[in-house]
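Before any comments, here is the structure.
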Amino acid sequence: MNYSDAFTKNIQDTFGTTGKVWLQSLPSLISELETTWQWKFSHPAKDLSYNFVGFGKKNVDGNEVVVKILCPDGVLEKELQWFQVYPDVTPKILGYDPQIRAFLMEKMSPGQSLKYLVQRGQDAEATRILAKVIQHLGKPVDSVKAPFRHVRDFIPTLSKLHGKVPSELVHLAAFLFQDLCMTASQDVLLHGDLHHDNVLSSGDSWSVIDPHGYVGDPAFEVGAMIGNPLDCYPQGDLQGILEKRLQILSEELSWDAQRILGWCFCYSMLSAAWSVEDQQEIPETLLRIIWILGQKLSDV
Numbered sequence: 563m564n565y566s567d568a569f570t571k572n573i574q575d576t577f578g579t580t581g582k583v584w585l586q587s588l589p590s591l592i593s594e595l596e597t598t599w600q601w602k603f604s605h606p607a608k609d610l611s612y613n614f615v616g617f618g619k620k621n622v623d624g625n626e627v628v629v630k631i632l633c634p635d636g637v638l639e640k641e642l643q644w645f646q647v648y649p650d651v652t653p654k655i656l657g658y659d660p661q662i663r664a665f666l667m668e669k670m671s672p673g674q675s676l677k678y679l680v681q682r683g684q685d686a687e688a689t690r691i692l693a694k695v696i697q698h699l700g701k702p703v704d705s706v707k708a709p710f711r712h713v714r715d716f717i718p719t720l721s722k723l724h725g726k727v728p729s730e731l732v733h734l735a736a737f738l739f740q741d742l743c744m745t746a747s748q749d750v751l752l753h754g755d756l757h758h759d760n761v762l763s764s765g766d767s768w769s770v771i772d773p774h775g776y777v778g779d780p781a782f783e784v785g786a787m788i789g790n791p792l793d794c795y796p797q798g799d800l801q802g803i804l805e806k807r808l809q810i811l812s813e814e815l816s817w818d819a820q821r822i823l824g825w826c827f828c829y830s831m832l833s834a835a836w837s838v839e840d841q842q843e844i845p846e847t848l849l850r851i852i853w854i855l856g857q858k859l860s861d862v
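Residue numbers (the numbering used here): 563 to 862.
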């Protein structure tokens with residue numbers, strides 16, 4: 563099976579020999595799952611990053627399905643429980659294998675991600691849809707059994723940005739991150755990576771995939787979308803684009819506009835820190851977003 567160079571590099575850079583062995587084992591794992599779940603694999607998804615995702619059809623009725631095999635450090639139970647907590651906005655799980663750390667789910671139809679609206683110049687509409695999806699999330703943590711990580715645990719990660727962005731921005735992000743966590747109305751089960759690629763069209767509604775699964779302030783959920791889609795960010799006046807997105811989020815959601823701005827800034831800083839961890843650099847567009855959001859916070 564052929565994988566993209568980016569997928570192979572991600573896995574091998576992150577997991578070393580374990581990752582190389584995992585990549586080599588994928589064809590036999592898929593074959594085993596085909597027998598177990600009575601389906602036929604057809605092709606892998608495009609733009610794989612860390613987990614394997616592929617498409618196929620059920621043998622009995624020909625219905626399209628999606629298989630996901632988690633990367634070497636993936637936690638199957640956590641992802642499955644997230645789907646169980648939010649059945650109204652997620653694909654139906656058709657089978658799972660804890661040993662292989664894989665699950666089979668129904669394929670959304672037509673299954674286009676919100677990215678296509680951005681590509682068509684409909685960024686405002688995509689932002690409103692994301693806000694409406696966020697309204698369907700946010701269940702209190704008392705309904706959660708698995709030990710999901712609290713977002714405050716990511717605060718030390720921001721220190722990786724020293725030397726990459728001005729230290730005053732790093733200190734601002736760390737202070738604001740802590741303050742937003744402490745002043746949250748309640749802790750809820752978060753998706754944690756809710757951006758355009760992870761929201762798919764399903765009939766006349768939208769479904770959510772690929773949860774990271776964290777616990778924390780409900781408003782944390784706005785952060786991932788502000789710097790996405792990474793590969794087709796809207797062109798033009800970046801400050802105007804960000805202000806329009808922030809305005810729509812404030813109109814559609816019940817949170818204070820400053821809390822929304824704060825989380826967009828903190829998440830963007832966290833994304834930059836993760837980028838430094840993985841690639842030793844920060845994408846230019848993300849750097850510009852950080853500067854603009856940081857300035858908006860300073861102007862308040």
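Backbone N, C-alpha and C define an ideal beta-carbon position, used for all residues, glycine too.
Check                                                                                                         : Outcome
Exposed unless 16 or more other CB atoms sit within 10 angstroms - verdict on Pro649                          : exposed
Proximity of Leu666 and Trp584 at Cβ, strictly below 8 angstroms                                              : no
Enclosing beta strand (DSSP E) for Tyr776 [first to last residue]                                             : Tyr776 to Gly778
Where the alpha helix (DSSP H) containing Tyr829 begins and where it ends                                     : Ala819 to Gln841
Length-filtered (3 minimum) beta strand (DSSP E) runs lying within the region 630 to 654                      : none
Per-residue burial, Asp772 [other beta carbons within 10 Å of its own, 16 or more giving buried]              : buried
Where the alpha helix (DSSP H) through Pro589 begins and ends                                                 : Asp567 to Trp599
Cα-Cα separation, Gly785 to Leu808                                                                            : 10 angstroms
Minimum C-alpha distance to Val647 - residue among Met670, Lys701 and Gly624                                  : Lys701
Outcome for Ser764 when other beta-carbon atoms lying within 10 angstroms are tallied against a minimum of 16 : buried
Simplified DSSP state of Gln857, which is helix, strand or coil                                               : helix
Reduced DSSP secondary structure (H/G/I, E/B, other) of Arg711                                                : strand
Residue from Glu687, Ser816, Gln681 and Gln661 with nearest C-alpha to Leu874                                 : This structure cannot speak to residue 874, because the chain is shown only from 563 to 862.
Residue environment, Val629, which counts as buried when at least 16 other CB atoms sit within 10 Å           : buried
Per-residue burial, Gln674 [other beta carbons within 10 Å of its own, 16 or more giving buried]              : exposed
Inter-residue Cα distance where the pair is Thr847 and Val732                                                 : 18 angstroms
First and last residue of the uninterrupted beta strand (DSSP E) at Val750                                    : Val750 to Leu752
Cβ-Cβ distance between Gly618 and Pro606 below 8 angstroms                                                    : no
Simplified DSSP state of Leu762, which is helix, strand or coil                                               : strand
Nearest-angstrom beta carbon gap, Leu752 and Val777 [assumed within contact, 8 angstroms]                     : 7 angstroms
The region 799 to 806 in contact with the region 721 to 730 per 3-pair CB rule at 8 angstroms                 : no
CA-to-CA distance, Asp567 to Lys677, given in whole angstroms                                                 : 23 angstroms
Enclosing alpha helix (DSSP H) for Val732 [first to last residue]                                             : Ser729 to Met744
Inter-residue Cα distance where the pair is Glu687 and Thr570                                                 : 35 angstroms
Coil, strand or helix - Ser769 by DSSP                                                                        : strand
Gly802, enclosing alpha helix (DSSP H) - first and last residue                                               : Leu800 to Glu814
Any non-hydrogen atom of the ligand COA closer than 7 angstroms to Pro634 Cβ                                  : This structure lacks the ligand COA; in fact it carries no ligand of any kind.
Short Cβ contact (8 angstroms threshold) for Leu756 with Leu823                                               : no
CB contact flag (Phe827, Leu849, <8 angstroms)                                                                : no
Option in Leu595, Val651 and Asn625 with minimal Cα separation from Pro660                                    : Leu595
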